[in-house]
RNA sequence: GGUCCCGUAGCUCAGUUGGAUAGAGCAACAGCCUUCUAAGCUGUGGGUCGCGCGUUCGAAUCGCGCCGGGAUCACCA
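Residue numbers (the numbering used here): 1 to 596.
Structural data, given as structure tokens:
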């Protein structure tokens, strides 16, 4: 990469001119601002201490040295302490003509090392997926693509939370009021049917609490003593005791949830290499806890409950096993971490989990360290922000959630309406049109979510449906489709961009050069997205790329250009841009249509 | 209350290993389709980067203190 070379040569310049050693990384190198002539800028303020000369003089000396040593540098200019280097067009055109045809451009060769286990999705089987889960799933899938592009082996793992008190609540409500209805008998998608009973439980539980408070109990007492919660706890005990009737219903209802989830996953276009079930990992967790107790690392209280004392590490005590011997969330997560480590010996275990669980992961790591597990250091919590509605946080129990399936339906429907209004689907078959609406609707949704920095909370307003103009998925898809149309016309005229022989002596217009430079950047953007675990880096990049291309498309003729050499250059530039758009979108899990 | 995160244009977001006059989109207004797809392009207006102090040649970016918002501190997950 040219940046590396500039850094190294700058160090060489400083060594030669000022007898001083610097590391290439310590050179302040950035892309030149748009309004100023130049491609790369070296910030020399800090170097003037070494040269003991004014910043301008230092910059000029280094500039002269670099221009002499690097044939890529055409000229340079100095503004205050900024040394702006102008690379010659030859360099950029050579890059374009060589790299545009490399299928692996921007991607790294597989590294032969231990895999990364990337956990994402991890639904609870007591309710259907909502917008928060969509963010999780899109982030997880995209990150897997990005890590693969960086040469990592990735195991996409889904840890299904299929046991616990929350499932028992849905089960209890079903036993009481279900009247043996099933997804088949009601026509309701399995996960939604279960969600219905979860809500039903909570409604009735709430009114029981209300009644008890009226009878004089405190809120806390009422929450603990309400008959429904006591019954649900009894079901959890029966389940852990493997009571056949309980296990049977549990298996049936979870099966409904899985059927429902599979449909939603498929629509979202996400998948997994490995499914873990809490019901299969909690026993290992229990075992780890018991070992810790016997080794004196954990403590047991009088009521039989088992705890980790983390007070010396700035946290509190943490329950690991209830007094009745049943497991909590942390118990199984200890087991899952161990299992995952044993299964893959991963170099890195990434958990895509919301930032509301930051404390959980602090505790998880510290407990594992206490238990002597060195792999705790490789646990990496990708803590993403909440999706908030205008009224605030979504709450399943209060019904203020944006359901995943409903949202997908709406997005696809809006895509259809918009496309028809523009009169664009007329020539397509029903099947093609359906696929296109799906591509656009999902593209809009996915891009909307992924363009935001994962770590930040984001707002979704259901009343203002997601846009299709401006900085959006469909805008980028549209740019891609335009390019494909252009290339089709080009090949009809006898030009194939893949084997275009571009003259290296052309001079570039500012718009052309800008886009070539941006294509060059793709390589570092992929690395940055991988380092930062941030699809948003890719999303913002591809938007800039598409925007820049649209400017070219609008202002410069491609096929109608009179200079044949220029036609080749622009076709090649168009084809390369299309290819990088497609790659970027693939890293986001977004498809691009050839026509729209 | 303790811990952590956030606060950039009317709205949604970029920009944060310190660098040049702080950027996009949406919304508003004004233009551009007899020429490669107008889901596009061009232009105008819109900012005490929450507030204050400090570090620095230089702060939206780093430090400290406030103000405002959120998360979490469960024998929930």
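Ideal placement from N, C-alpha and C gives every residue a C-beta, glycine not left out.
Chain-order list of residues whose beta-carbon lies under 7 Å from that of residue i (same chain, five-residue window excluded)
i: residue 348; result: 116, 378 and 380
i: residue 326; result: 236, 237 and 240
i: residue 208; result: 226, 227 and 228
i: residue 246; result: 235, 238 and 239
i: residue 455; result: 383, 384 and 385
i: residue 331; result: 282, 285, 286, 289, 320 and 321
i: residue 200; result: 173 and 177
Sequence-distant residues of the same chain with beta carbon closer than 6 Å to residue i, five excluded per side
i: residue 100; result: 572 and 576
i: residue 432; result: none
i: residue 516; result: 92 and 96
i: residue 419; result: 425
i: residue 268; result: 137
i: residue 337; result: none
i: residue 561; result: 567
i: residue 278; result: 161, 162, 163 and 332
i: residue 528; result: 537
i: residue 465; result: 414
Unbroken alpha helix (DSSP H) run spanning residue i, endpoints
i: residue 186; result: 183 to 186
i: residue 229; result: 227 to 240
i: residue 69; result: 55 to 69
i: residue 367; result: 358 to 370
i: residue 580; result: 564 to 587
i: residue 428; result: Segment: none, residue 428 is in no alpha helix (DSSP H) and carries neither H nor E.
i: residue 19; result: Neither: residue 19 is in no alpha helix (DSSP H) and is coded neither H nor E.
i: residue 213; result: 190 to 214
i: residue 177; result: 165 to 177
i: residue 485; result: 473 to 492
i: residue 527; result: 510 to 532
i: residue 49; result: 48 to 51
DSSP bridge partner residues for residue i (one or two, in chain order)
i: residue 403; result: 130
i: residue 553; result: DSSP lists no partner for residue 553.
i: residue 300; result: 306
i: residue 327; result: 321
i: residue 597; result: Nothing about residue 597 can be reported from this structure: the residues present for the chain run from 1 to 596 only.
i: residue 43; result: 82
i: residue 270; result: Residue 270 pairs with nothing; no bridge assigned.
i: residue 393; result: 388
i: residue 75; result: 86
i: residue 295; result: The partner list for residue 295 (beta bridge, DSSP) is empty, contrary to what the question assumes.
i: residue 459; result: 388
Nearest residue (CA-CA) to residue i, options the options
i: residue 253; options: 124, 434 and 49; result: 124
i: residue 16; options: 35, 4, 50 and 2; result: 50
i: residue 171; options: 138, 232, 161 and 225; result: 232
i: residue 434; options: 210, 457 and 409; result: 409
i: residue 471; options: 446, 493, 495 and 487; result: 446
i: residue 596; options: 281, 428, 242 and 72; result: 428
i: residue 313; options: 363, 293, 202 and 344; result: 363
i: residue 339; options: 520, 274 and 311; result: 274
i: residue 549; options: 563, 578, 460 and 498; result: 578
i: residue 574; options: 586, 588 and 552; result: 552
i: residue 570; options: 526, 506, 523 and 542; result: 506
i: residue 524; options: 7, 108 and 53; result: 108
i: residue 54; options: 499, 78 and 315; result: 78
i: residue 344; options: 354, 368, 375 and 324; result: 375
i: residue 5; options: 484, 307, 33 and 71; result: 71
Opening and closing residue of the beta strand (DSSP E) in which residue i lies
i: residue 82; result: 82 to 87
i: residue 159; result: 154 to 160
i: residue 277; result: 274 to 277
i: residue 29; result: 29 to 31
i: residue 452; result: That residue, residue 452, is in no beta strand (DSSP E); it is neither H nor E in DSSP.
i: residue 118; result: 116 to 119
Own chain partners of residue i with C-beta closer than 8 Å, once the 5 adjacent residues on each side are dropped
i: residue 430; result: none
i: residue 13; result: 61, 62, 65, 66 and 69
heavy atom of the ligand ZN below 6 Å from residue i C-beta
i: residue 103; result: This structure simply doesn't include the ligand ZN, nor any ligand for that matter.
Three or more beta-carbon pairs under 8 Å between the stretch 106 to 113 and the stretch 142 to 158, yes or no?
With the cut-off at 8 Å, the stretch 106 to 113 and the stretch 142 to 158 touch.
Contact between the stretch 124 to 141 and the stretch 398 to 410: three or more CB pairs below 8 Å?
As far as the Cβ criterion goes, the stretch 124 to 141 touches the stretch 398 to 410, which means the pair count is three or higher.
Evaluate contact between the stretch 70 to 89 and the stretch 37 to 51, counting only Cβ atoms and requiring at least three cross-stretch pairs below 8 Å.
With three or more CB-CB distances shorter than 8 Å, the stretch 70 to 89 counts as touching the stretch 37 to 51.
Cβ contact check for the stretch 255 to 271 and the stretch 189 to 201: 3 or more pairs under 8 Å
Three or more Cβ pairs drawn from the stretch 255 to 271 and the stretch 189 to 201 lie within less than 8 Å of each other, which places the two stretches in contact.
Taking three-plus beta-carbon pairs below 8 Å as touching, is the stretch 443 to 461 in contact with the stretch 530 to 545?
The stretch 443 to 461 vs the stretch 530 to 545: in contact.
Is it true that the stretch 437 to 444 meets the stretch 464 to 480, where meeting means three or more beta-carbon pairs spaced less than 8 Å apart?
Touching, yes, given that three or more Cβ pairs across the two stretches are closer than 8 Å.
Stretch pair the stretch 47 to 63 + the stretch 17 to 24: three plus CB contacts closer than 8 Å:
Under the 8 Å Cβ criterion, the stretch 47 to 63 counts as touching the stretch 17 to 24, having at least three qualifying pairs.
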